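Colleague: Here's a structure for you.
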Amino acid sequence: MHSEITSLREEAENAIRTVTDARGIDEFRVRFLARKGSIAALFDRLKTAAPEDRPALGKMLNELRSAVQQMLDEKSGAIQAPASGEAAPADLSLPGRRGFIGSKHPLTQTLDEIRAIFVSMGFGVADGPEIEDDYHNFEALNFPPDHPARDMQDTFFLGPRALLRTHTSPVQIRVMEEHQPPLRVIMPGKVYRNEAISARSYCMFHQVEGLCVDRGVTFAELKGTLIEFITRYYGAGLKFRFRPTFFPFTEPSADIYISCFICGGKGCRLCKQSGWLEILGCGMVDPNVFRSVGYDPEVYTGYAFGMGIDRIAMLRHGIDDIRLFFDNDIRFLNQFRQ
Ligand code: DAH
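Using my numbering, the letters of the sequence shown map in sequence onto residues 42 to 379.
Written as structure tokens, this is what we have:
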């Protein structure tokens, strides 16, 4: 039995060298160390050995068992923790980690839709500076100095000559200064007003300006174009209301209302029980505006319009607080994933 113990040890030493993976570890353990393995078989035979030999053989067998156990432990340590620098074996059974992909801000989505409709009707897209001068923001748009219409807007002044534009209308002036008619262009962008911040107004918001100038442009063309836009953006079957109003840069001027698309005109919370929603301002370009850019108002006519993107997105999605757009709260933004 003595020689069997010695040769079993050699056998184990040879066997462990060929083990390279978890499966080999298991086979080795079953073969030598399990309850029905070869070491256990030798322990069983200890009972049949001569009583005087048993203590020495028992000691040898115990040593063999711990030596083989040690071989196994070392090997499984080496397989599980490969030498530094080698990549750990991938555990293909682990669940994957979901990557986070951002999405377009709801205001960007709204502008994308508005822009696509106007582009399909032949409008180009232009932009201009957010830091403006008094001339482009007011004077060239027919707001004379001390004209009460300037009080309509609460301007952030940056110094005696610079201000944050209060609307996108100055981009009309910049486009006309650079280009001759015919013109058909929309001008989206940020605008700033020094107003108390509340659920309904913020110190910065977004507008889309529109301008069309050519020979013989009439109010009928304004109506046709804007009704086409509104029908495509809000859906067919709405009623329209053009209400006369005043803007210094257009004459005549109108605010366009649509029948409330939530209640169909019966009156609800969104339309404040009126049945109507105001969605944009528009009018025929005032001859004084043409004069300030060097266009001859006897030759050219045109229409202009302006709408608030934030307001349109709020109406569309039933959002009741404009500040939600600017908090960047992921729980809000996630509701607009496309
Ligand atoms: N600039 C106006 C505003 O901020 C919006 C507007 C109204 C623009 C009528 C226009 C227009 O071009 O024709 O309230």
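Virtual Cβ for every residue (Gly too), placed ideally from N, Cα, C. Bear in mind the structure is a predicted one, so any value in this text is a computation, not a measurement.
Within its chain, find whatever has a CB closer than 6 Å to the CB of residue 343; leave out the 5 residues flanking it on each side and keep chain order.
Modeller: So the list reads 253, 254, 258 and 326, once near-sequence residues are dropped.
Colleague: Taking a contact to mean a Cβ-Cβ separation below 8 Å, would you say residue 286 touches residue 308 in this structure?
Modeller: Cβ atoms of residue 286 and residue 308: not closer than 8 Å.
Colleague: Does DSSP classify residue 230 as helix, strand or coil?
Modeller: It is a strand residue.
Colleague: What do you reckon, is the C-beta of residue 343 under 7 Å from a heavy atom of the ligand DAH?
Modeller: Incorrect: residue 343 has no Cβ contact closer than 7 Å to the ligand DAH.
Colleague: So residue 254 is in the beta strand (DSSP E); what residue range does that whole segment cover?
Modeller: Note, residue 254: beta strand (DSSP E), 245 to 255.
Colleague: Tell me which residues share the same chain as residue 217 and place their Cβ nearer than 6 Å to its Cβ, disregarding the 5 neighbours each side in the sequence.
Modeller: So the list reads 334, once near-sequence residues are dropped.
Colleague: Can the beta-carbon of residue 345 be found closer than 8 Å to that of residue 266?
Modeller: Result no, Cβ atoms of residue 345 and residue 266 do not sit closer than 8 Å.
Colleague: Roughly how far, in whole angstroms, is the beta-carbon of residue 195 from the beta-carbon of residue 250, given that I think they are within contact range, below 8 Å?
Modeller: Wrong, their Cβ atoms sit about 19 Å apart, outside the cutoff.
Colleague: Tell me the DSSP secondary structure of residue 360 in three-state form.
Modeller: It is coil, neither helix nor strand.
Colleague: For residue 300, which three-state DSSP category applies?
Modeller: Three-state result, residue 300: strand.
Colleague: Is residue 290 a contact residue of the ligand DAH, with contact defined as CB to any heavy atom under 7 Å?
Modeller: Under cutoff, so the answer is yes.
Colleague: For the ligand DAH, I want to know if residue 208 counts as a neighbour, meaning its beta carbon is within less than 7 Å of at least one of the ligand's heavy atoms.
Modeller: Yes, since a heavy atom of the ligand DAH falls inside the 7 Å radius drawn around the Cβ of residue 208.
Colleague: Give the single residue among 85, 227 and 215 whose Cα lies nearest to the Cα of residue 270.
Modeller: Looking at the Cα atoms, 227 is the closest of the given residues.
Colleague: Using only the alpha-carbon positions, how far apart do residue 110 and residue 47 sit?
Modeller: Roughly 16 Å separates the two Cα atoms.
Colleague: Under a three-way DSSP split, which group does residue 341 fall into?
Modeller: In the structure shown, residue 341 sits in coil (DSSP, three-state: anything other than H, G, I, E or B).
Colleague: Using 10 angstroms around the beta-carbon of residue 181, count the other beta-carbons present and answer buried if the total reaches 16, otherwise exposed.
Modeller: With 16 or more Cβ atoms within 10 Å of its Cβ, residue 181 is classed as buried.
Colleague: Where does residue 45 fall in DSSP's three states?
Modeller: Helix, per DSSP.
Colleague: Three or more beta-carbon pairs under 8 Å between the stretch 162 to 173 and the stretch 205 to 214, yes or no?
Modeller: The stretch 162 to 173 vs the stretch 205 to 214: in contact.
Colleague: Go ahead and label residue 173 buried or exposed: buried means 16 or more other beta carbons lie within 10 angstroms of its beta carbon, across all protein chains shown.
Modeller: Answer is buried; the Cβ neighbour count reaches 16.
Colleague: In whole angstroms, what is the alpha-carbon distance linking residue 151 and residue 121?
Modeller: Approximately 54 Å between the Cα atoms of the pair.
Colleague: Any idea if residue 233 is buried or exposed, counting beta-carbon neighbours within 10 angstroms, 16 or more meaning buried?
Modeller: So residue 233 ends up on the buried side.
Colleague: Going by the C-beta, is residue 159 closer than 7 Å to any heavy atom of the ligand DAH?
Modeller: Not under cutoff, so the answer is no.
Colleague: Taking all protein chains shown into account, decide if residue 371 is buried (16 or more other Cβ within 10 angstroms of its Cβ) or exposed.
Modeller: Looking at its Cβ environment, which holds fewer than 16 other Cβ atoms inside 10 Å, residue 371 is exposed.
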